[in-house]
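Number of protein chains: 2
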Amino acid sequence: MASRIAFIGLGIMGGPMAGHLLAAGHSLIVHTRTQSRAADLLSRGAKWADSPAEAAKQADFVFICVPDTPDVQAVANAMLPAARAGQIIIDHSTISPSATQKMAKQFASRGAHWLDAPISGGDVGARNATLSIMVGGDEAAFKTAMPFLEKLGKTITWCGPSGSGQLTKLVNQILVSVTNLAACEALTFARAFGLEPQKTIAAVGGGAAGSWQLSNLGPKMLAGDFRPGFMIKLQQKDLRLALQACKERGIRLEALNLVHGLFDRALEEGRADEGTQALFAIVEKNAKS
Amino acid sequence: MASRIAFIGLGIMGGPMAGHLLAAGHSLIVHTRTQSRAADLLSRGAKWADSPAEAAKQADFVFICVPDTPDVQAVANAMLPAARAGQIIIDHSTISPSATQKMAKQFASRGAHWLDAPISGGDVGARNATLSIMVGGDEAAFKTAMPFLEKLGKTITWCGPSGSGQLTKLVNQILVSVTNLAACEALTFARAFGLEPQKTIAAVGGGAAGSWQLSNLGPKMLAGDFRPGFMIKLQQKDLRLALQACKERGIRLEALNLVHGLFDRALEEGRADEGTQALFAIVEKNAKS
């Protein structure tokens, strides 16, 4: 059955995702800050709305995919007055879990459901509809939204109550960044002693030392290939969210702090748009200073 | 062809390894600090030597598997006067790379070859002959020793000149311990926010966040199952070797320092004989202090 859908934020991720929902036969109304980004979808039958509020008020399902917490809050504030019972908002942005919980409460007071549904898998995952989607919020609303989410991703997990999707995404980012650091330090050690590091990865990567980061980013680190899979500036934004959440909860994670500081140096060196494997350049330089 | 082999150090690793060489039909002479540990091998036809020197002087191949650098140095000092051209020493202990290089030089001056050949895979790997063996030293000597090594392990890598086996083992231990720390911090975060951490591992462990440590030790961390796969006191010994090597080379690895400090706290708490996953208990407590 065709549903009335709004999609707000047509960036490198949101654009292809909105396209999948349109291709599934739904009635789609879109808004994004740079209208030219909507051109392809409009030519395929999507409608344009001049504001997030305008897009949302006509839709039963509102998808959001914008950069950061304040962006989502601006969209939410605009939409809230017109929110209504049964409406489901699905926020694919990676943002603050506690801000998410506040917005979810506001929408719940009007009978609407806010699902936090951050994604991983990059632009390739968005284009190929192979994203991982980590969802928090009302479970019945999640089930209602499931047929849409299945058009966007492959691994779709309901993680628990509101904020759980965001928190799970942050767990993912802690793992990704500290495991990345493990690979950086090990390869720095290997190079400092004149080992052939490709051979070293082959010798140890299949056992207890193995990780996705080592296998996939290690060879790029050694080759100095810092083209982005996932950009440092985005990684750092997510680590900032994780550290902020730690502060709110009164916990301290030392390796997370350490890797966040090292990525800060990468930003200072102008590496914001490089891939996260460029952390290796920082670690190797830092080791010798 | 049956060869004359000496095996020095019949501990939890060396015992079964010597047994495989005996079973392959070689003439085996053994020495170990606690003679009762040799009983099984002696009943199967091995001969006893009263000292490492006595064992080595009758053998073409001398295998060593003892705990730490000073233990190997004591064996080497005892053997050196009787070392002779063509003799091959294969040291399976995990010890200092620079001490290894010194001993290799001393034996080379007498025409003998010293191969550093540290192992990973634990007591199960020793019993089942599925160890990983990382070898450094003369490549021709490595090839000569290969038929014996194949009786002991599955993944056997020549890593480069003398010391390269030890260095590769230390690369492995840096990866293992910092990746372990990544899992500890991520699961600490997950538990602090009331996520269901088993579900979290399932949601994120298959992608860029994935590692052997997370998949294999994560569930044990959450269950509080700290029975040893690899004991903290052994992990810490290897990290100490890695830090010592860094110091000698003038490099500094911050995450390695951090995880070494956390394992120190585990030792202070009496967790020396627990498995490395007990790091989780330290990280979780530390996060809240």
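These protein sequences, in sequence, are chains S and V.
With this note's numbering, letter number 8 in the first sequence gets 8, and the count goes up by one each step, no holes.
With this note's numbering, letter number 208 in the second sequence gets 1208, and the count goes up by one each step, no holes.
A virtual CB, placed ideally from N, CA and C, is assigned to each residue, including glycine.
Since this is a predicted model, take the numbers as computed values, not measurements.
- Taking the Cα positions, S/ASP116 is about 15 Å away from S/PRO70.
- At a Cβ-Cβ threshold of 8 Å, V/THR1200 and V/ALA1190 count as neighbours.
- Counted as a single uninterrupted DSSP element, the alpha helix (DSSP H) harbouring V/ILE1232 occupies residues 1232–1249.
- Within chain V, the residues whose beta carbon sits less than 7 Å from that of S/GLU254 are LEU1258, listed in sequence order.
- By a beta-carbon distance limit of 8 Å, V/ARG1004 contacts V/ALA1059. Their separation comes to about 5 Å.
- The C-beta of S/THR168 comes closer than 8 Å to at least one C-beta of chain V.
- The bridge partners DSSP lists for S/TRP114 are S/ILE89.
- Look at the stretch 1097–1129 of chain V: the residues with a C-beta under 8 Å from a C-beta of chain S are PRO1097, SER1120 and GLY1121.
- Taking a beta-carbon distance threshold of 8 Å, S/CYS159 counts as an interface residue toward chain V.
- In the three-state scheme derived from DSSP, where H, G and I count as helix and E and B as strand, V/ALA1006 is classed as strand.
- At least one CB atom of chain S sits nearer than 8 Å to the CB of V/MET1134.
- Under the 8 Å criterion on CB atoms, V/ASN1077 is classed as non-interfacial with respect to chain S.
- At the C-beta level, V/CYS1159 and V/LEU1279 stay beyond 8 Å of one another.
- At least one CB of chain S lies nearer than 8 Å to the CB of V/GLY1207.
- Pairing S/PHE61 with S/PHE148 gives a Cβ-Cβ distance under 8 Å.
- Neighbourhood of S/TRP212 in chain V, by CB distance below 8 Å: GLY1207, ALA1208, ALA1209, GLY1210 and SER1211, in chain order.
- In this structure, the beta-carbon distance from V/ALA1049 to V/VAL1030 falls below 8 Å.
- Chain S places no beta carbon closer than 8 Å to that of V/PHE1263, leaving this residue out of the contacts.
- Using a Cβ-Cβ cut-off of 8 Å, V/LEU1175 counts as an interface residue toward chain S, since at least one Cβ of chain S sits closer than that to its own.
- Chain-order list of chain V residues neighbouring S/ALA287: ILE1251, ARG1252 and LEU1253, by C-beta distance under 7 Å.
- Rounded to whole angstroms, the gap between the alpha carbons of S/GLU274 and S/SER177 is 15 Å.
- In the displayed model, S/MET134 falls within a strand according to three-state DSSP.
- For S/LYS151, the nearest beta carbon of chain V is not closer than 8 Å to its own beta carbon.
- Excluding sequence positions up to five before and after S/GLU284, its CB lies within less than 6 Å of the CB of THR188, all in the same chain and listed in chain order.
- Residue pairing by DSSP places S/LEU28 opposite S/ILE5 in a beta bridge.
- Within the DSSP secondary-structure output, V/THR1144 pairs in no beta bridge.
- Around the C-beta of V/ASN1077, fewer than 16 other C-beta atoms lie within 10 Å, and the residue is accordingly described as exposed.
- In this structure, the straight-line span from the alpha carbon of V/LEU1195 to that of V/ALA1186 is close to 11 Å.
- Of all residues in the stretch 1177–1200 of chain V, those with a C-beta nearer than 9 Å to a C-beta of chain S are SER1177, VAL1178, THR1179, ASN1180, LEU1181, ALA1182, ALA1183, CYS1184, GLU1185, ALA1186, LEU1187, THR1188, PHE1189, ALA1190, ALA1192, PHE1193, GLY1194, LEU1195, GLU1196, PRO1197, LYS1199 and THR1200, reading in chain order.
- Assignment of beta-bridge partners to S/LYS47 by DSSP yields S/ILE29.
- CA-to-CA, the gap between V/TRP1114 and S/ALA223 works out to about 33 Å.
- A distance below 7 Å between beta-carbons, with the five flanking residues on each side excluded, links S/GLY15 to the following residues of its chain, in chain order: ARG37.
- Against chain V, a Cβ distance below 9 Å from S/VAL62 picks out nothing, because the smallest value is about 24 Å.
- By the rule that beta-carbons nearer than 8 Å mark a contact, V/SER1164 touches chain S.
- Within the stretch 187–231 of chain S, the complete alpha helix (DSSP H) runs of at least 4 residues fall at 197–204 and 212–223.
- It is roughly 21 Å from the alpha-carbon of V/SER1027 to the alpha-carbon of V/THR1034.
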